[in-house]
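These notes concern the structure reproduced below.
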Amino acid sequence: MIDDGNKRFYRRCDEFAICVNLGKKGYVTAESPEDRNTIFQYIVYGKGKAGIMFTEDNIEFKDRELVDLRRYVHDYVMSIATEDFFIIGFNTYDKYQKWDARLISKDETELDLRSIYDRIEPVSSRTFILCLDGRPIINDKKLKRYDYSEVFFGNSYKIDLNGGVLGLFVKC
Amino acid sequence: MMFPNILFKVIRNDPINKSIVVKFCRENAQKPIDEYKSVNISYRNIDFSSPKAFEDSMRSRGNPVVMKQLMSEPALDENKGISEILSTDINDYVGKIVCTTSDTSGSLNRVTL
């Protein structure tokens with residue numbers, strides 16, 4: 496359900512897509528699993544609640560939080576905004592594809608991918624950085640919101656969040 | 286998306302072939318309805334059960350016709366815009382006409398680090 500008081504747009508790349516929602520307090524959505532591929536949401540600002548339709552299974556979300564919605568991806572989901580909101584949804588093209596995600600912390604001045612890639616068994620994971628807010632700097636390159644890059648184990652990535660927010664998304 | 290009102294004018298009724306010939310245009314079109322192309326609509330696609338149902342049939346058939354008319358209207362030379370300004374400084378936009386698409390999807394910007 497989209498109305499004129501709320502703005503939504505999509506951006507895609509070969510590996511994933513994002514949907515961006517800006518709207519007013521009180522906005523309600525209802526989505527069927529056929530239409531819903533969102534597995535994570537970053538809340539730029541706003542508060543609200545989302546959960547499986549007609550059940551008590553729901554989660555609350557708030558500012559500057561990466562919300563894990565993977566367990567809802569096969570369900571009918573309702574959400575309500577309890578404040579004006581700006582939300583970036585991270586969408587997979589294949590709901591059965593496993594993804595992990597986290598925000599890069601302000602203490603991480605160098606990206607360490609050893610926990611993902613430094614294993615005895617072969618690893619086929621692919622890792623992406625997505626700029627979610629502000630103008631963070633990686634390897635002296637200043638990113639803007641929705642810029643993304645694939646990052647590779649063995650390469651060096653010096654990070655300065657510069658007050659911004661970066662998401663690390665791993666396609667397992 | 287809200288549409289302006291749609292005008293329709295039945296030009297001809299053809300009971301032998303069970304169809305009507307109709308012209309459509311927007312109420313705020315910039316030329317008379319008679320100057321637009323006619324379309325043929327089979328009785329099968331029209332609900333004759335009430336005047337309102339008939340009007341609903343005309344609306345559902347007229348919507349895409351009118352949208353096509355709207356999309357094919359030429360832009361004024363004075364309204365030709367540039368496609369983008371690669372700046373977040375609002376001052377770079379002052380006085381310039383920028384053309385943006387109504388498409389809400391697009392590509393993410395991939396950067397090499």
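Residue numbers (the working numbering), protein chains in the order written: chain A, 496 to 667; chain B, 286 to 398. For glycine and all other residues, C-beta sits at the position ideal for the given N, C-alpha and C.
Hey, could you find the ends of the alpha helix (DSSP H) Arg-531(A) is sitting in?
Here Arg-531(A) belongs to no alpha helix (DSSP H), and DSSP marks it neither H nor E.
Is Tyr-571(A) close to chain B, meaning its C-beta is less than 7 Å from at least one C-beta of that chain?
No, because no Cβ of chain B sits closer than 7 Å to the Cβ of Tyr-571(A).
Would you kindly work out how many angstroms separate the C-alpha atoms of Arg-297(B) and Phe-288(B), rounded to a whole number?
Roughly 26 Å between the two C-alpha positions.
Are Ile-630(A) and Lys-666(A) touching if we call contact CB-CB under 7 Å?
According to the sequence provided, residue 630(A) is Arg. The question's Ile does not apply to it. No.
Tell me, please, whether the CB atom of Tyr-641(A) is closer than 7 Å to any CB atom in chain B?
Output row for Tyr-641(A): interface = yes.
Using a Cβ-Cβ cutoff of less than 8 Å, which residues in the same chain neighbour Tyr-505(A) once the five nearest sequence positions on both sides are dropped?
So the list reads Ala-512, Ile-513, Cys-514 and Val-515, once near-sequence residues are dropped.
So for Glu-616(A), helix, strand or coil by DSSP?
If DSSP states are grouped into helix, strand and coil, Glu-616(A) belongs with coil.
Using a Cβ-Cβ cut-off of 7 Å, state whether Ile-534(A) counts as contacting chain B.
False, the Cβ-Cβ gap to chain B never drops below 7 Å.
In the DSSP assignment, find the alpha helix (DSSP H) that holds Ser-346(B) and state where it starts and stops.
It is Arg, not Ser, that sits at residue 346(B) in the sequence shown. First-last of the alpha helix (DSSP H) with Arg-346(B): 336-357.
Under a three-way DSSP split, which group does Ser-651(A) fall into?
Coil, per DSSP.
Starting from Leu-638(A), find everything on chain B with Cβ-Cβ shorter than 8 Å and list it in chain order.
Within chain B, the residues near Leu-638(A) are Val-396.
Which bits of chain B does Phe-652(A) rub up against, with CB to CB less than 9 Å?
Residue identity check: residue 652(A) is Tyr in the sequence provided, not Phe. Going along chain B in sequence order, the residues near Tyr-652(A) (Cβ under 9 Å) are Leu-398.
How would you write the range of the beta strand (DSSP E) that Thr-622(A) sits in, first residue to last?
Unbroken beta strand (DSSP E) run through Thr-622(A): 621-628.
Identify whether Tyr-522(A) lies in helix, strand or coil by the three-state DSSP scheme.
Of the three classes helix, strand and coil, the one that applies to Tyr-522(A) here is coil, per DSSP.
Write down every uninterrupted run of the beta strand (DSSP E) in the stretch 531-606 of chain A whose length is 3 residues or greater and which is fully enclosed by it, in chain order.
With a minimum length of 3 residues, the continuous beta strand (DSSP E) runs that stay inside the stretch 531-606 of chain A are 533-540, 543-547, 553-556, 560-563, 572-576, 580-586 and 594-598.
Which first and last residues belong to the beta strand (DSSP E) in which Leu-663(A) is found?
Counting along the chain, the beta strand (DSSP E) containing Leu-663(A) begins and ends at 660-666.
So, does the CB of Cys-514(A) fall closer than 7 Å to a CB anywhere in chain B?
Cys-514(A) does not count as touching chain B.
For the beta strand (DSSP E) that contains Leu-325(B), what are its first and last residues?
A small correction: the amino acid at residue 325(B) is Asn; Leu does not occupy that position in the sequence shown. Its beta strand (DSSP E) spans residues 323-327.
When the cut-off is 7 Å and only beta carbons count, does Tyr-522(A) lie next to chain B?
No, Tyr-522(A) lies away from the interface with chain B (no Cβ there is under 7 Å from its Cβ).
With the cut-off set at 7 Å, would you say Phe-580(A) and Leu-561(A) are in Cβ contact?
No.
Just to make sure I have the definition right: I need the residues of chain B whose C-beta is within less than 8 Å of the C-beta of Val-646(A). Which are they?
Under the 8 Å cutoff, chain B gives Leu-398.
Between Ser-334(B) and Ser-304(B), is the Cβ-Cβ spacing less than 7 Å?
No, the Cβ-Cβ distance between Ser-334(B) and Ser-304(B) is not below 7 Å.
Is Arg-640(A) helix, strand or coil when you go by DSSP?
Coil, per DSSP.
Buried or exposed: where does Gly-380(B) fall if 16 or more other Cβ atoms within 10 Å of its Cβ makes it buried?
Exposed, by the Cβ-count rule.
Comparing C-alpha positions only, which one of Ser-392(B), Val-307(B) and Val-396(B) sits nearest to Val-351(B)?
Ranking the options by Cα distance to Val-351(B), first place goes to Val-307(B).
According to DSSP, simplified to helix, strand and coil, what is Asn-516(A)?
Looking at Asn-516(A) - three-state DSSP - the assignment turns out to be strand.
Straight-line CA distance for Gly-366(B) to Cys-384(B)?
For Gly-366(B) and Cys-384(B), the distance between alpha carbons rounds to 5 Å.
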